[in-house]
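The block underneath contains the structure these notes are about, expressed in structure tokens.
Given below as structure tokens:
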């Protein structure tokens, strides 16, 4: 990687990593809360919904949060979700995510919070990287790029950020993998950080490794450079 590209990535990251980023991004929803458990629940479910048209993501996430009310954590413990999201309802809540899918997510969260003080603590029983732990918790494949889950992990783990929360102390920023989406792939490929725009875990790791050359202690700081520039220069 050339010094010019390193300087460009640093400049873009500094430009887009700011509080103004929040109001246009799904991360605005967990920012409604201050309690750790509320941020975890809101963050995970919002991240899971973060695909497709941005306006629709924000609209449906707002609808979900209206149901959860002032405390997503208390909503989980109350089991009100059993009525709001019946386990047998295959109708769509958001795109291919059905009401039954959300029932499953809430059930996993209820089980976790019934045993542990936080979702962070619940993940520690699983082995592997943060992404592998979260995949095990949700029973999904750790071999795909898992853009939405890696975004959630960035929110929870990155410290000293106006955007991310940094409330999970058990993990290190250097263990994060960049959330791979269209904008990140396109810009990373154009800069020569990767040779392909393929949506694969291998490619996500390759881009993360390239960003570590610029931000060695916090590679996913580079997410703001690639995504921020990409979404603003389509």
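Numbering (our numbering), first residue to last: 569 to 802.
Virtual Cβ for every residue (Gly too), placed ideally from N, Cα, C.
Going by DSSP, residue 646 is part of no beta strand (DSSP E) but of the alpha helix (DSSP H) stretching over 640 to 646. Collapsing the DSSP output to three states places residue 687 in a helix.
Residue 569 counts as exposed, since fewer than 16 other C-beta atoms from the protein chains shown sit within 10 angstroms of its C-beta. Leaving aside the five residues that flank residue 717 on each side, the residues in its chain whose CB is nearer than 6 Å to its CB run, in chain order, 702. For residue 662, the beta-bridge partners assigned by DSSP are 665. With contact defined as three or more Cβ pairs closer than 8 Å, the region 729 to 743 and the region 765 to 773 are not in contact. Excluding five sequence positions before and after residue 762, the CB atoms of its chain that fall closer than 6 Å to its own CB belong to 756, 771, 774, 775, given in chain order. Pairing residue 583 with residue 674, the inter-Cα distance amounts to about 36 Å. In the pairwise beta carbon analysis, the region 787 to 795 is classified as touching the region 581 to 599: at least three pairs are separated by under 8 Å.
In the structure shown, residue 730 adopts coil according to DSSP, grouped into three states. Residue state for residue 610 is assigned as helix, using DSSP reduced to three classes. In the DSSP assignment, residue 741 falls outside any alpha helix (DSSP H) and carries neither an H nor an E. Only buried fits residue 633, as 16 or more other CB atoms lie within 10 angstroms of its CB. Here DSSP, grouped into helix, strand and coil, assigns residue 753 to helix.
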